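All the letters of the sequence shown, read from the start, carry residue numbers 3 to 446 under the working numbering.
To start, the structure under review is shown below, and the notes come after it.
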Amino acid sequence: MKNIFLALVLALATFFLASFAFNTQHSILLAIIVMLVTLWTNEGLPLGVVSLLPILLFPSFGLLSTNATSANYSNSIIFLFLGGFMIAIATQKINLHKYVSNKLLTLFPNTPRGILFSLAITSAFLSSLISNTTTALLLIPIAMFLTDDSKLKMRLVLAIAYGASIGGIVTPIGTPPNLILLGFMEKNGLETISFVNWIFLTAPLALVMLILIPYFLSLGVEDLKFDTHLEDRVHLTSEQKRLLYILGSLIVLLFVNSKIEPYYSGLGINEKGILLGYGLLMFLPKIGFLTWEDTKKIPYEIIFLFGAGFSIATAFSATGLANEVANYLLYLTNLPILLLIILVASLITFTTEITSNTALVSIALPIIYSLSQVAQIDTTLILLITTICASYAFMLPIATPPNAIAMSSGAVKVKDMAKFGLLFNILGILAITTIALVYWQYFV
Numbered sequence: 003m004k005n006i007f008l009a010l011v012l013a014l015a016t017f018f019l020a021s022f023a024f025n026t027q028h029s030i031l032l033a034i035i036v037m038l039v040t041l042w043t044n045e046g047l048p049l050g051v052v053s054l055l056p057i058l059l060f061p062s063f064g065l066l067s068t069n070a071t072s073a074n075y076s077n078s079i080i081f082l083f084l085g086g087f088m089i090a091i092a093t094q095k096i097n098l099h100k101y102v103s104n105k106l107l108t109l110f111p112n113t114p115r116g117i118l119f120s121l122a123i124t125s126a127f128l129s130s131l132i133s134n135t136t137t138a139l140l141l142i143p144i145a146m147f148l149t150d151d152s153k154l155k156m157r158l159v160l161a162i163a164y165g166a167s168i169g170g171i172v173t174p175i176g177t178p179p180n181l182i183l184l185g186f187m188e189k190n191g192l193e194t195i196s197f198v199n200w201i202f203l204t205a206p207l208a209l210v211m212l213i214l215i216p217y218f219l220s221l222g223v224e225d226l227k228f229d230t231h232l233e234d235r236v237h238l239t240s241e242q243k244r245l246l247y248i249l250g251s252l253i254v255l256l257f258v259n260s261k262i263e264p265y266y267s268g269l270g271i272n273e274k275g276i277l278l279g280y281g282l283l284m285f286l287p288k289i290g291f292l293t294w295e296d297t298k299k300i301p302y303e304i305i306f307l308f309g310a311g312f313s314i315a316t317a318f319s320a321t322g323l324a325n326e327v328a329n330y331l332l333y334l335t336n337l338p339i340l341l342l343i344i345l346v347a348s349l350i351t352f353t354t355e356i357t358s359n360t361a362l363v364s365i366a367l368p369i370i371y372s373l374s375q376v377a378q379i380d381t382t383l384i385l386l387i388t389t390i391c392a393s394y395a396f397m398l399p400i401a402t403p404p405n406a407i408a409m410s411s412g413a414v415k416v417k418d419m420a421k422f423g424l425l426f427n428i429l430g431i432l433a434i435t436t437i438a439l440v441y442w443q444y445f446v
């Protein structure tokens with residue numbers, strides 16, 4: 003009960019403090035968000051229970067109607083999750099992850115630090131080309147099998163989730179906010195960043211983060227060893243070969259379907275449909291591997307969690323709080339460029355933890371664009387910083403799909419994600435500020 007009481011106290015304190023800067027409706031929304039985040043973090047109530055509270059609270063306080071709130075719990079991306087979970091359950095059911103794990107350990111140093119680096123880099127590479135959600139769904143089951151040590155398993159899963167988020171910044175197609183930025187620049191007559199130039203600009207930042215994240219995750223686990231229950235020689239069964247071919251076709255289809263503007267428009271197939279289709283394929287007789295009983299293993303509390311995240315994002319926009327927060331940036335125009343970059347990066351980084359990065363970028367870019375005109379700073383530079391920081395969502399499971407999938411594995415607690423995520427948020431802000439001033443300022 004004390005954890006629930008703490009959440010209520012923090013919510014009331016937030017309402018009191020927010021009322022000095024925001025109207026009553028906005029203050030209530032901020033208070034509810036603080037309460038939800040506190041309960042997710044201290045586990046005062048089960049994860050799924052807390053995630054369903056917006057359906058009760060938002061209509062009760064006049065923030066959103068019941069229908070408008072509950073609709074977020076059937077967002078189309080949830081069906082991408084369902085398909086991915088089905089594939090992951092099939093992979094585990096026939097022990098294909100054991101084979102992949104064995105191969106992974108033969109390719110990289112058989113140490114916690116070596117595998118942490120390999121998982122983060124592999125995740126980032128795949129995420130730069132295909133959905134970070136798909137990447138996490140494919141890799142996390144492998145990490146779960148590498149060790150039975152809960153401390154190490156948690157860090158392996160986080161390495162994949164964080165690597166997927168970092169990989170998304172490397173290419174224009176890596177994550178939706180990147181494409182939103184390019185569209186915004188074209189619409190406002192700014193010179194857009196080409197595919198190759200984007201990689202040229204973002205690769206150093208991604209490299210820095212892919213060194214820092216696995217390094218800090220490996221601190222305190224170097225003395226641990228991976229389990230030796232993996233066989234020296236693992237032979238594929240006919241079922242495992244069949245699933246391997248299916249997964250191979252899925253990856254090829256995802257790559258071929260990906261847009262590389264302006265060079266290649268892709269197939270135009272909705273990625274959510276692809277994942278759900280392959281998930282349902284797992285039930286097809288003589289081809290698939292699952293029965294309906296296997297769906298009991300789907301982590302429905304994570305689906306509720308994402309519904310809560312979408313609800314918060316919708317409430318941010320519907321109440322006007324997102325615009326209100328962004329408008330406060332206009333008061334920062336007289337600050338030195340160093341402080342301005344740090345403040346913009348910090349605001350976007352921590353705001354994206356509780357709202358959709360796509361929605362945040364859509365709202366923030368026009369405001370930041372106006373700010374750059376008033377402050378007379380490089381427009382492309384500050385817009386790029388805003389967009390990249392929207393992918394720095396390391397603290398909360400509602401912040402990004404890879405974080406939610408990491409939570410669904412059962413290896414990660416919200417407090418663990420929040421602890422490491424806060425550190426990586428700060429390191430990310432410092433890294434992007436440094437690279438923006440030392441590198442981007444002369445090339446954008």
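Cβ atoms here follow ideal geometry from the backbone N, Cα and C, with glycine treated the same way.
Nothing here was measured: the structure is a model prediction, and the numbers come from that model.
With a cut-off of 8 Å on the beta carbons, I'd call Met-37 and Leu-10 a contact; round off their distance for me.
Approximately 7 Å separates the beta-carbon atoms of Met-37 and Leu-10; this is inside 8 Å, confirming the contact.
- With distances taken from CA atoms, which of Leu-140, Thr-435, Asn-74 is nearest Pro-338? Thr-435
Problem - Supposed contact pair Leu-212 and Arg-157 - C-beta distance, whole angstroms, cut 8 Å - result: Arg-157 to Leu-212, Cβ: 15 Å. No contact.
Please classify Ala-9: does DSSP put it in a helix, a strand, or coil? helix
Exercise for the section: Determine the direct distance from the alpha carbon of Gln-27 to that of Ala-310, and round the result to whole angstroms. Expected result: Using only the alpha carbons, I get a separation of about 18 Å.
Exercise. Leaving aside the five residues before and after Pro-403 along the sequence, list all residues of the same chain whose C-beta is less than 6 Å from its C-beta, in chain order.
Key: Thr-135
Q) Grouping DSSP H, G and I as helix and E and B as strand, with all else coil, what is Tyr-247? A) helix
Checklist line | Per-residue DSSP class, three states only, for His-1 | finding: In the structure as shown, the chain starts at 3 and stops at 446, and residue 1 therefore has no counterpart that could be examined.
| query | Which residues in the same chain as Ala-92 place their Cβ atom closer than 6 Å to its Cβ, once the five residues preceding and following it in sequence are excluded? | reply | Met-284, Phe-291, Leu-292
State yes or no: is the C-beta of Ile-300 within less than 9 Å of the C-beta of Phe-87?
Contact: yes.
- Task: Can you tell me which of Asn-405, Ile-171, Asp-380, Tyr-371 puts its alpha carbon nearest to the alpha carbon of Ile-356?
- Result: Minimum Cα distance to Ile-356 is reached at Asn-405.
_For Lys-415, the three-state DSSP class (helix, strand or coil)_ = coil
Work out the CA separation of Ile-195 and Leu-439 for me, nearest whole Å. 18 Å
Rounded straight-line distance, which links the Cα of Phe-147 to that of Met-187 | 44 Å
For Gly-454, the three-state DSSP class (helix, strand or coil): Examination of residue 454 is not possible in this model, given that the chain is present from 3 through 446 alone.
Margin query: Here's the rule I'm using: 16 or more other beta-carbon atoms within 10 Å means buried, otherwise exposed. How should Lys-417 be labelled?
Written below: exposed
Open item on the list: Among Ala-401, Ile-271, Tyr-164, Glu-303, whose alpha-carbon lies nearest the alpha-carbon of Ala-315?
Closed with: Ala-401
For Ala-23, count the other beta carbons within 10 Å of its own beta carbon; 16 or more makes it buried, fewer makes it exposed. Which is it? exposed
| When we look at the beta-carbon of Thr-230 and count the other beta-carbons within 10 Å, is it buried (16 or more) or exposed? | Only weak support is given to the placement of Thr-230: the predicted model assigns it a pLDDT of 46, under 50, and the value that follows is read from those uncertain coordinates. Exposed is the call here.
**Prompt:** Is the number of C-beta pairs between the stretch 33–53 and the stretch 4–20 that are closer than 8 Å three or more?
**Reply:** yes
ask   = If you count every other CB in all the chains shown that lies within 10 Å of the CB of Gly-275, and 16 or more means buried, which is it?
value = exposed
query: What's the C-alpha gap between Leu-251 and Leu-277?
result: With the sequence shown as reference, residue 251 is identified as Ser, and Leu is not the correct amino acid for it. Looking at the two C-alpha atoms, the distance is approximately 12 Å.
Name the residue from Leu-286, Ala-408, Leu-245, Leu-214 whose alpha carbon lies nearest to the alpha carbon of Leu-425. Leu-214
message: Can you give me the C-alpha to C-alpha distance between Ser-374 and Val-346, rounded to a whole angstrom?
response: 11 Å
Contact with chain C by Val-36, beta-carbon distance below 9 Å
The structure shown contains no chain C, having only a single protein chain.
Worksheet item: Does DSSP put Met-146 in a helix, in a strand, or in coil?
Response: helix
May I ask which residues mark the beginning and end of the alpha helix (DSSP H) holding Ile-117?
For Ile-117, the uninterrupted alpha helix (DSSP H) segment begins and ends at 114–129.
Please state whether DSSP places Lys-288 in a helix, a strand or coil. coil
For this session: Could you check the C-alpha separation between Leu-386 and Ser-67 for me, to the nearest Å?
Result: 35 Å
- Going straight from the alpha carbon of Ile-80 to that of Asn-336, what length do you get? Ile-80 and Asn-336 have their C-alpha atoms some 43 Å from each other.
*Find out if the Cβ-Cβ distance for the pair Thr-16, Ser-29 is shorter than 9 Å.*
yes
message: By the DSSP assignment, the alpha helix (DSSP H) with Ser-319 in it spans what residues?
response: 302–320
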